[in-house]
Structure formats: structure tokens, C-alpha cells
Amino acid sequence: MNGILFLIPVALGLGLLGLFAFFWAVGRGQFDDLDGAALRIFMDDEPAAKEPPDAAP
Numbered sequence: 161m162n163g164i165l166f167l168i169p170v171a172l173g174l175g176l177l178g179l180f181a182f183f184w185a186v187g188r189g190q191f192d193d194l195d196g197a198a199l200r201i202f203m204d205d206e207p208a209a210k211e212p213p214d215a216a217p
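The number in my numbering is simply the position in the sequence shown, starting from 1, with 160 added.
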């Protein structure tokens, strides 16, 4: 019984902490662009710059 009296407030506190962290992340714009990172994999990398030809004597 003493364990339940300890664990219920701990569980409620952790739940409120998670809820606070979620709303903090939403307020900071963490979830604004959900599709950008998923579609970025399909973009081609920019080609590497061509090196100047070596001067052969």
C-alpha cells in the first residue's frame, strides 16, 4: 500500500512533465515542418566542383 502512495504521485508528475515538454516543443516550432525531413532524402546532392586540370610540362 505504501508503494502505491509513492508511485501514483510519481507517475502523475512524470506525465505532467512529459505534457509540459510536448507543449514547450510545440511552442518552439519543433513540429512545424513534418514533411521537410522526410522529403529531403529524395533531393540530389549538389555536384562537386570540378578541379582545374593539372598543368603538365
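Even glycine gets a Cβ: it sits at the ideal position worked out from N, Cα and C.
Under the assumption that residue i contacts residue j (Cβ atoms under 8 Å), give the Cβ distance between them as a whole number of angstroms.
i: Ala-198; j: Phe-191; result: Not really, about 13 Å apart at Cβ, beyond 8 Å.
Using the Cα positions of residue i and residue j, report the straight-line distance between them to the nearest angstrom.
i: Leu-176; j: Gly-163; result: 20 Å
i: Leu-167; j: Phe-202; result: 47 Å
i: Pro-207; j: Leu-194; result: 27 Å
i: Gly-173; j: Phe-182; result: 14 Å
i: Phe-165; j: Ala-171; result: In the sequence as displayed, the identity of residue 165 is Leu instead of Phe. Approximately 11 Å between the Cα atoms of the pair.
Quick one: what does DSSP say residue i is sitting in, helix, strand or coil?
i: Leu-177; result: helix
i: Arg-200; result: helix
i: Gly-163; result: helix
i: Leu-172; result: helix
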